[in-house]
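For reference, the structure discussed in these notes is given below.
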Amino acid sequence: MSEKEVVLLDFWPSPFGMRLRIALAEKGIDYEYKEEDLWNKSPLLLKSNPVHKKIPVLIHKGKPVCESLIALQYVEEVWPHKSPLLPSDPYARARARFWADYIDKKLYDLGRRTWATKGEEQEAAKKEFLDSLKLLEAELGDKPYFGGDKFGFVDAVLIPYYSWFYTYETCGNFSIEADCPKLIFWAKRCLEKESVKKSLPPQEKVYGFVLELKKRLGLL
Amino acid sequence: METVKLYGAWPSPFSYRVIWALKLKGIPFEYIEEDLSSKSPQLLQYNPVYEKVPVLVHGGRPICESMVILEYLDEKWPQQPLLPSDPYKRAEARFWVKFGEDRGPSVWMIYRTEGEKQEKARRDALEMLTILEEHGLNGKKKFFGGDNINIVDIAFGGIAHWMGVIEEITGVKLIEDNKFPLLKAWMHNFKEVSFINENLPNREKMVAFFRARRSMILSSA
Chain G
117 MSEKEVVLLD FWPSPFGMRL RIALAEKGID YEYKEEDLWN KSPLLLKSNP VHKKIPVLIH
177 KGKPVCESLI ALQYVEEVWP HKSPLLPSDP YARARARFWA DYIDKKLYDL GRRTWATKGE
237 EQEAAKKEFL DSLKLLEAEL GDKPYFGGDK FGFVDAVLIP YYSWFYTYET CGNFSIEADC
297 PKLIFWAKRC LEKESVKKSL PPQEKVYGFV LELKKRLGLL
Chain H
-15 METVKLYGAW PSPFSYRVIW ALKLKGIPFE YIEEDLSSKS PQLLQYNPVY EKVPVLVHGG
45 RPICESMVIL EYLDEKWPQQ PLLPSDPYKR AEARFWVKFG EDRGPSVWMI YRTEGEKQEK
105 ARRDALEMLT ILEEHGLNGK KKFFGGDNIN IVDIAFGGIA HWMGVIEEIT GVKLIEDNKF
165 PLLKAWMHNF KEVSFINENL PNREKMVAFF RARRSMILSS A
């Protein structure tokens, strides 16, 4: 059992885990990070998330919160005064929720198909993936962050995927920057923040992990 | 007060989620019926990303995605709350809402397919219902929200009214007689609530509509 009030069950390459690391860092919340081996899940993980058995799980005073966007909102509600990620206006909050939902509906699966598939399926995935990023780039517009002047909810939800860009580009043989230069600019701005810098693994490390994963899954 | 408009479509359970929330909170609104085979320019302008219903337009500003709309309604009109006030209980409620969003499509896949694909969809749907029965409703009172309906009940409203229609049209039975006692009780309790009962699409109309549409879907597959 942990002595710390907050425990995060996580897996280092997971973009879903990264967004929680960012939020906890932004809010200066002390927590214990527990690395899970997804091929050998701990009893704590299985007990904390019996329905999905997935990471990340945020455990606060012994009670588990599953699903990263839900845990993100939980952290916002329990620690509302420290670096809020969601705006206070309900309409702006609805827009943030809409885009966070869009990002999760599209990017994980499309991104995965850019590295896990070949031929026509891969080409289709690459195109759809870029189309989604372009839509996000249009939503960003001229703002420094999706949250406006400050790093916010949508920024925290999206930036973890940046650590996977090198993997997508190398496996899929395409350039994200060529199609979405503003988004890359935005990503680099986010990476200047301490909370983001320490929460994202290096892109090459993620690529190495995916190569190993492809071997394991017989996709090489 | 700024006007509230809801763009919806009568066969859509997602549209009804918003109708139920508006009725529960006593929010006056104008309802605009969309013909999904011929979408209005307004709808396409208000929801360029998905081009879908429901869309809520409040004071001229659109909000898309039914569960995003519900959270917005709860924040602007806090009476008859959809979400509990305690952060942990809110997280639990949101967990079940997301579960429904992720797994609910399996029921629609039964409707849209046949053969092996339909069989797989049936297994997925049964798994979802089993988890709901054993983890979601276990220890609960009349509703997911306790004594009163909350956001989770509304999110699963499709199961209460649309699933039976899909079972009838496809002949694929999901809620078999003595299985899922908690779910059956919940479905009954949910439809007994007056503002739900008074706001459900006509069942015969649904059967006719969905039956015809299924033929079209299967013939073009």
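Chains G and H, in that order, give the protein sequences. According to our numbering, the first sequence is numbered sequentially starting from 117. According to our numbering, the second sequence is numbered sequentially starting from -15. Even glycine gets a Cβ: it sits at the ideal position worked out from N, Cα and C. Please read these numbers as outputs of a predicted model, since none were measured by experiment.
Please report the straight-line C-alpha distance between residue i and residue j, rounded to a whole angstrom.
{"i": "H/VAL(-12)", "j": "G/ALA210", "result": "15 Å"}
{"i": "H/TRP146", "j": "H/GLU(-14)", "result": "33 Å"}
{"i": "G/LYS221", "j": "H/VAL81", "result": "15 Å"}
{"i": "H/LYS23", "j": "G/TYR147", "result": "50 Å"}
{"i": "G/MET134", "j": "G/VAL312", "result": "8 Å"}
{"i": "G/GLU308", "j": "G/SER204", "result": "25 Å"}
{"i": "H/GLN102", "j": "H/ILE153", "result": "13 Å"}
{"i": "G/GLN319", "j": "G/SER279", "result": "5 Å"}
{"i": "H/ALA205", "j": "H/ALA196", "result": "15 Å"}
{"i": "G/ALA272", "j": "G/ASP265", "result": "14 Å"}
{"i": "G/VAL194", "j": "H/SER21", "result": "45 Å"}
So, residue i versus residue j, is the Cβ gap smaller than 7 Å?
{"i": "H/SER50", "j": "H/ARG1", "result": "yes"}
{"i": "G/ALA212", "j": "G/LEU202", "result": "yes"}
{"i": "G/PRO297", "j": "G/PRO131", "result": "no"}
{"i": "H/VAL33", "j": "H/TYR(-9)", "result": "no"}
{"i": "G/ILE186", "j": "H/PHE79", "result": "yes"}
{"i": "G/TYR261", "j": "G/PHE267", "result": "yes"}
{"i": "H/ASN183", "j": "H/LYS60", "result": "no"}
{"i": "G/PRO180", "j": "G/VAL173", "result": "yes"}
{"i": "H/ASP70", "j": "H/SER90", "result": "no"}
{"i": "G/CYS182", "j": "G/ASN165", "result": "yes"}
{"i": "G/LYS242", "j": "G/THR230", "result": "yes"}
{"i": "G/GLU151", "j": "G/LEU161", "result": "no"}
Helix, strand or coil: how does DSSP classify residue i here?
{"i": "H/SER(-8)", "result": "What sits at residue -8 of chain H in the sequence shown is Gly, not Ser. Note: H/GLY(-8) maps to strand in three-state DSSP."}
{"i": "H/VAL37", "result": "coil"}
{"i": "G/TYR261", "result": "strand"}
{"i": "G/PRO318", "result": "coil"}
{"i": "G/PHE281", "result": "helix"}
{"i": "H/GLY130", "result": "strand"}
{"i": "G/TYR224", "result": "helix"}
{"i": "H/ILE159", "result": "coil"}
{"i": "H/VAL177", "result": "coil"}
{"i": "G/PRO200", "result": "coil"}
{"i": "G/LEU125", "result": "strand"}
{"i": "G/PRO159", "result": "helix"}
Give me the chain G residues within the contact set of residue i, using Cβ-Cβ distance strictly less than 8 Å, ordered along the chain.
{"i": "H/ILE133", "result": "None at all; the shortest Cβ gap to chain G is about 21 Å."}
Could you check which residue in the options has the C-alpha nearest to that of residue i?
{"i": "G/THR283", "options": "G/VAL273, G/GLU328, G/LYS304", "result": "G/GLU328"}
{"i": "H/LEU116", "options": "H/GLY99, H/GLY88, H/GLU100", "result": "H/GLY88"}
{"i": "H/GLU85", "options": "H/LEU66, H/LYS157, H/PHE(-2), H/LYS101", "result": "H/PHE(-2)"}
{"i": "H/VAL41", "options": "H/PRO68, H/PHE13, H/GLU35", "result": "H/PHE13"}
{"i": "H/TYR56", "options": "G/LYS170, G/PRO200, G/ILE175, G/ALA208", "result": "G/ALA208"}
{"i": "H/SER(-4)", "options": "H/ILE201, H/ASP58, H/ASP137, H/TRP92", "result": "H/TRP92"}
{"i": "G/PHE290", "options": "G/GLN238, G/PHE127, G/TYR218", "result": "G/GLN238"}
{"i": "G/LEU252", "options": "G/LEU274, G/LEU226, G/ALA240, G/CYS287", "result": "G/LEU274"}
{"i": "H/ILE16", "options": "H/GLY130, H/ALA105, H/ILE3", "result": "H/ILE3"}
Whose Cβ in chain G lies nearer than 7 Å to the Cβ of residue i?
{"i": "H/ILE47", "result": "ALA210"}
{"i": "H/GLU35", "result": "In chain order: nothing, as chain G lies at least about 13 Å away."}
Taking C-beta pairs closer than 9 Å, name the residues in chain G that residue i reaches, listed in chain order.
{"i": "H/ARG74", "result": "ILE186, GLN189, TYR190, GLU193"}
Can you list the residues of chain H that residue i reaches, using a CB-CB cut of under 7 Å?
{"i": "G/GLU183", "result": "PHE79, LYS82"}
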